[in-house]
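Input: a single structure, listed below in structure tokens.
Residue numbers (my numbering): 4 to 306.
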């Protein structure tokens, strides 16, 4: 079993299960420490349940495990007959061990928090506030698998900004960034909580709508197009939006195929006047040719 598989397994466990496992690990290390006697130091191995608790449960539980580990070590030290020249020495030793245990708990907790922050940053496009391409691919694959399993419809829209390069060249990159921010803000505000909104290129965005067929897709993307245009007009930005929307009634399509169809519809819009929405419905995979079967003739909606 790989480390990634182990991490995935532990991440999905119940909190109580993880806490009990941490306590059990302390007990196992303590038992081995007792069996081997005081001549062999096992202080390092007590760090395993402490780090485990900090990583998968949290700092507070890890501190409790640290205290438990130090107490078990002291009990084992006495039980194995370790003698000291001074009565205070074992308490000094247990204090220094507890300090090192607590330090490790804080370090692993901080490392996990930093890693979570970095992961979150990788999943969000820092400029626009929508999801990154990486996050989109992960979530979209899961969404497609779930939809296909239950034979639910799904819709995927590609959005490209018309005139963005000209605006960038004439008004500067700072204004171009504001255009992208405004687009991301509008998409996040108008889409539903369960929808996936992501930026997949310089001025290209994608929206995936779960459990959404032809009627729902047309309603939402027509609304998106109208609101995006109004936002650009209010700011005095000469920007339009070419949108291609691929609709899959039973979701029997891979993400790669879904993206190709949405992308081709979007480019069809750009070749035929730009600044409109083109819909295409696809009825699944032909088992003989392994190609997506087209449904209705693509439909153009202009705002």
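For each residue, glycine too, the CB sits at the ideal point set by N, CA and C.
Quantities reported herein were computed from a predicted structural model and do not represent experimental measurements.
Annotation: the continuous beta strand (DSSP E) that includes residue 199 extends over 199-202.
A direct Cα-to-Cα measurement between residue 118 and residue 276 gives close to 46 angstroms. With a threshold of 16 other beta carbon atoms within 10 Å, residue 34 falls short and is exposed. Inside the stretch 28-81, DSSP marks whole alpha helix (DSSP H) runs of 4 or more residues at positions 50-59, from first to last along the chain.
In the same chain as residue 82, and ignoring 5 residues on each side of it, the C-beta atoms closer than 7 angstroms to its own belong to 37, in chain order.
Listed in chain order, the non-local C-beta contacts of residue 146 below 8 angstroms within the same chain comprise 157, 199, 211 and 213, local neighbours out to five positions each way being set aside. By the Cβ criterion, the stretch 235-250 is in contact with the stretch 153-172, since at least three pairs of Cβ atoms, one from each stretch, lie closer than 8 angstroms. Two segments are said to touch when three or more pairs of C-beta atoms, one from each, lie closer than 8 angstroms; by this definition the stretch 98-105 touches the stretch 71-85.
Excluding its 5 nearest sequence neighbours in each direction, residue 266 has C-beta neighbours in its own chain below 6 angstroms: 161, listed in chain order.
Comparing alpha-carbon positions, the option among 148, 123, 246 and 152 lying closest to residue 206 turns out to be 246. Residue 242 sits in coil when the DSSP states are folded into three classes, being neither helix nor strand. Judged by DSSP in its simplified three-state form, residue 156 adopts coil rather than helix or strand. Residue 184 is a Cβ neighbour of residue 131, given a cutoff of 8 angstroms.
The three-state reading of DSSP puts residue 212 in strand, counting E and B together. Leaving aside the five residues that flank residue 189 on each side, the residues in its chain whose CB is nearer than 7 angstroms to its CB run, in chain order, 230, 231 and 234. Of the residues 19, 284 and 175, the one whose Cα lies closest to the Cα of residue 218 is 284. Shown here, residue 90 sits in coil according to DSSP, grouped into three states, outside any helix or strand. It is roughly 17 angstroms from the alpha-carbon of residue 27 to the alpha-carbon of residue 61.
Distance check between residue 42 and each of 278, 84 and 123 places 84 closest, using alpha-carbon atoms only. Pairing residue 223 with residue 65, the inter-Cα distance amounts to about 47 angstroms.
Taking 8 angstroms as the cut-off, the Cβ atoms of residue 191 and residue 133 count as close. Assigned with DSSP and collapsed to three states, residue 128 falls in coil, not helix or strand. When only Cα atoms are considered, residue 18 and residue 113 end up about 19 angstroms apart.
Residue environment for residue 227: buried (at least 16 other C-beta atoms within 10 angstroms of its C-beta).
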